[in-house]
Amino acid sequence: MLRARASLVTFANRRIGTSAKGFHKTTFHSADEKKPFKGPAENVQENPEGLTPEQFKQEYGKQYDFNEFDVNKDGRVNHEELMMGWERRFGGQGSNFPDFIHNWSPQWFIRVGMAASCGLPLTFYHLGVHHTAPYILTGLVGLYWHIGYSDMKSLKAVRRNFPVIGNLRYIFETVRPEIRQYFIEGDNEAVPYSRANRSMAYQRAKSQPDSQSFGTRRDVYSTGYEWINHSMYPTKISDQAHRVRFGESRKQPYSASLLNISAMSYGALSDNAILALNSGAKLGNFFHNTGEGGVSRFHLKPGGDIVWNVGTGYFGCRAPDGGFCPDRFKDTAAIPAVKMIEIKLSQGAKPGHGGMLPKSKITPAIAEARGIAGPGEVGFADCNSPPAHSAFQGPRGLVEYIARLRELSDGKPVGFKLCMGRPEEFMAIIHAMVEMQVTPDFITIDGGEGGTGAAPPEFSNSVGTPLIDGLGLVNNALIGAGLRDEVRIIASGRVLSGMSVVRNLALGADTVNAARAMMFALGCIQALQCNTNKCPTGIATQDQRLMGGLHVQSKMFRVKEYHRNTVHAAIELCEAAGLNSPGELRPDHIMKRISPTRAHSMAELYPRLAPGCLLQGQAKACAEMGGVPLVEAQQWEARFDQYWNMGKVELDRF
Ligand SMILES: Cc1cc2nc3c(=O)[nH]c(=O)nc-3n(C[C@H](O)[C@H](O)[C@H](O)COP(=O)(O)O)c2cc1C
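Now the structure itself:
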């Protein structure tokens with residue numbers, strides 16, 4: 065009953081919308097020709113057939129008005145007309161417009177073409193041979209025949225069945241993303257980034273005022289809404305507090321910004337995009353992760369700090385057989401701009417999936433960066449990145465490999481990047497670190513919500529732990545194993561605003577990386593074309609013409625400004641929370657609404673373990689955080705005990 069009423073009210077509301085616009089008295093056909101309404105049984109009870117307009121208003125509300133077609137001869141409401149009025153006027157049942165499209169056929173195409181062709185002599189006769197209009201019309205008719213005949217020979221069913229007008233489908237489909245983005249998409253609709261978020265990135269990149277009038281546009285009572293608890297005693301944080309040291313005890317430690325550019329390979333991004341990102345990183349003193357396509361000349365030219373992402377293809381340190389080459393690694397790692405090395409195990413958008421760069425997309429510059437054969441060279445072929453590494457096996461193998469790369473790079477910080485999958489596999493790596501007394505200098509944890517240039521939709525949509533859950537696990541595993549002080553955590557996954565920086569720091573990250581937000585700073589319009597080589601903004605393409613549109617000299621300042629303003633916004637939030645440095649952020653600073661009536665601090669939702677508790681044989685929730693309900697704490701402890709024990713079994717499997 066309620067459903068029926070809701071649907072009726074929806075229709076009736078639309079009806080009011082149309083009358084307000086003055087479509088009220090359109091004449092179609094007489095109301096008495098209408099068949100009585102016959103809906104599902106529950107509808108029949110609720111349908112207003114038989115009610116007078118006055119009774120209807122009493123039942124459903126006074127706001128409804130009726131026109132002559134809504135009321136039958138006997139003075140009772142005609143429900144069908146009431147519901148269908150709007151649809152009829154705009155091409156639904158009874159309108160001729162869709163019928164015209166459905167009835168269109170090759171025969172109609174020929175008839176219309178013949179009629180138009182026969183009409184052409186008349187235009188010459190009436191307007192004369194010196195007038196341009198008949199010639200234009202002749203051209204248009206010729207074009208009509210040309211398109212129609214090619215459509216009839218096409219292999220595409222829609223074009224064969226609906227010559228000429230069938231092309232509208234393809235035209236509309238092509239411009240659909242842009243139309244949707246500019247006219248239809250709501251401000252807070254995430255696809256994957258909302259208009260509001262993109263605007264924030266654009267404004268920060270241009271250093272335009274990004275203040276907001278009239279209060280929040282968010283529904284603060286909706287589930288998932290997050291906020292930071294401010295203090296009555298705001299502070300002032302010095303600029304020096306924003307740097308984080310990596311590999312403190314190594315020969316060549318690195319001091320990183322809170323926010324940096326996440327891995328996006330040369331190949332996925334264009335020459336100019338890489339140049340602008342790296343120049344921005346240099347101007348703003350933050351790092352630029354190369355992505356797994358190797359260290360290209362475009363990464364090196366501007367001179368910004370580089371984190372070298374070493375994937376399964378070993379680009380930049382690749383042996384002829386596609387495996388790892390220590391000598392080549394040594395050479396690339398010795399480049400002064402390379403500040404840290406990141407072994408890529410997986411990324412959130414496609415964990416457990418490799419990649420393939422078809423040879424059609426391999427340019428000489430890409431081949432040079434990857435250390436593979438280029439066009440015209442012997443061995444030129446598609447370039448494969450397998451799903452798994454061949455240079456090591458299992459948890460102990462990874463830990464050994466980390467130590468080896470650190471040695472080969474002469475003491476530069478070395479870490480690894482992953483999207484969390486099976487917790488016991490990650491725990492096995494932690495066991496190996498404890499057993500071998502070797503730790504990475506950092507772990508980058510990427511969320512399942514992360515981006516990519518191209519991935520199978522199943523992998524993007526349904527594989528990979530989301531960032532908050534993965535980050536909680538990495539942080540707690542390191543704390544519980546007593547390793548947290550030695551290993552820095554970098555978090556990535558839809559980092560864009562100051563709040564997203566602060567939220568991740570509160571949940572355990574030391575710094576954050578952003579990939580797509582940096583693309584917005586470069587001018588990305590989220591056209592979702594990264595996998596087609598047709599990126600309209602010249603960012604994710606190898607098309608020389610398109611990338612030529614990306615003006616490096618201006619975009620590098622956008623990247624720098626986006627970074628500066630976002631870090632500033634994050635620091636302001638820390639100041640409002642009464643902190644003296646972002647490092648003081650804890651999970652209990654952040655609140656999350658979990659139902660319309662309940663909100664919890666992140667400390668309650670994601671309790672932290674007590675330092676070293678796993679080594680002592682039992683997981684213990686950290687008492688200092690406080691406020692964790694006993695039952696939740698016990699469940700959390702039991703879960704970590706289980707992961708820890710399963711991790712040991714997993715370690716021994718290799
Ligand atoms: C175009 C593009 C290319 C990427 N290429 C790589 C890559 O080569 N290696 C890697 O580890 N991650 C890669 N990523 C993943 C990002 O580094 C990052 O982990 C992920 O997008 C989450 O960050 P975001 O949400 O800020 O985009 C790529 C992402 C994008 C959008």
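Counting in the numbering used here, the sequence shown runs from 65 upward without gaps.
No residue lacks a Cβ here, since even glycine has one placed at the ideal position from N, Cα and C.
At a threshold of 7 Å, does Val-631 count as lining ligand 1 (C-beta to nearest heavy atom)?
For ligand 1, not one heavy atom lies less than 7 Å from the Cβ of Val-631.
Checking the sheet assignment: what are the DSSP bridge partners for Asp-369?
Phe-351
Run the proximity test for Ser-564: is its beta-carbon closer than 7 Å to any non-hydrogen atom belonging to ligand 2?
Ligands in the displayed structure: ligand 1; ligand 2 is not one of them.
Three-state class that DSSP yields for Cys-7 in the structure shown:
With the chain covering 65 to 718 only, the question about residue 7 has no answer from this structure.
Ends of the beta strand (DSSP E) at Glu-290?
For Glu-290, the enclosing beta strand (DSSP E) has its first and last residue at 290-292.
Can Lys-408 be considered in contact with ligand 1, in the sense that its beta carbon sits closer than 7 Å to one or more heavy atoms?
Flag set: Cβ of Lys-408 near ligand 1.
Going by DSSP, name the residue or residues bridged to Asp-510.
Ser-556
Can you tell me whether DSSP reads Asn-577 as helix, strand or coil?
strand
Checking 8 Å against the spacing of the C-beta atoms, do Asn-577 and Ile-165 come in under that value?
The answer is no: Cβ separation not under 8 Å.
Return the residue from the list Val-402, Lys-365, Gly-368 that minimises the CA-CA distance to Gly-380.
Residue Val-402 is the option with its Cα nearest to Gly-380.
Please determine whether the Cβ atom of Arg-460 lies at a distance below 7 Å from any heavy atom of ligand 1.
Taking the Cβ of Arg-460 as the reference point, every heavy atom of ligand 1 lies at 7 Å or farther away.
Which residue marks the beginning of the beta strand (DSSP E) containing Phe-403, and which one marks its end?
Note on residue identity: the sequence assigns Lys, not Phe, to residue 403. Residues 402-408.
Taking the CB atoms as reference points, tell me whether Ile-654 and Glu-356 lie closer together than 8 Å.
Going by C-beta atoms, Ile-654 is not nearer than 8 Å to Glu-356.
With DSSP collapsed to three states, give me the class of Ala-663.
strand
Neighbourhood of Gly-729 by C-beta, 6 Å cutoff - its chain only, sequence neighbours within 5 removed:
Any answer about residue 729 is impossible in this case: the structure gives the chain only from 65 up to 718.
Apart from the five residues just before and just after Arg-717, which ones in its own chain have a Cβ nearer than 7 Å to its Cβ?
none
Could you tell me whether the Cβ atoms of Ser-556 and Thr-508 are closer together than 8 Å?
yes
Indicate the three-state DSSP secondary structure (helix, strand or coil) for Phe-393 in the structure shown.
helix
Between Gly-517 and Cys-483, how many whole angstroms is the CB-CB distance? I'm expecting something under 8 Å.
Gly-517 to Cys-483, Cβ: 16 Å. No contact.
Quick one: what does DSSP say Phe-456 is sitting in, helix, strand or coil?
coil
Considering only their Cβ atoms, is the gap separating Thr-287 from Arg-657 smaller than 8 Å?
yes
Local conformation of Leu-364 per DSSP, three classes:
helix
Within the same chain, show all residues whose beta-carbon is closer than 7 Å to that of Trp-168, passing over the 5 residues directly before and after it, in chain order.
The answer, listed in chain order, is Phe-226, Ile-229.
Under the rule that 16 or more other beta-carbon atoms within 10 Å means buried, what is Lys-85, buried or exposed?
Because Lys-85 sits at a pLDDT of 31, beneath the cut-off of 50, its placement in the model cannot be relied upon, and the point is left open.
Can the beta-carbon of Gly-203 be found closer than 8 Å to that of Arg-628?
no
Taking Lys-300 as the reference, give the member of Glu-639, Pro-651, Pro-675 with the closest Cα.
Glu-639
Taking only the alpha-carbon atoms, compute the straight-line gap between Asn-353 and Ala-320 and give it to the nearest angstrom.
12 Å
Just the C-alpha distance for Gly-412 and Thr-116, rounded to the nearest angstrom, thanks.
60 Å
In the DSSP assignment, what residue or residues form a beta bridge with Arg-657?
Arg-657 is bridged by DSSP to Ala-663.
Are at least three pairs of beta-carbons, each pair with one atom in the stretch 330-338 and one in the stretch 666-682, less than 8 Å apart?
no
C-alpha distance - Leu-207 paired with Thr-187, whole-angstrom precision
17 Å
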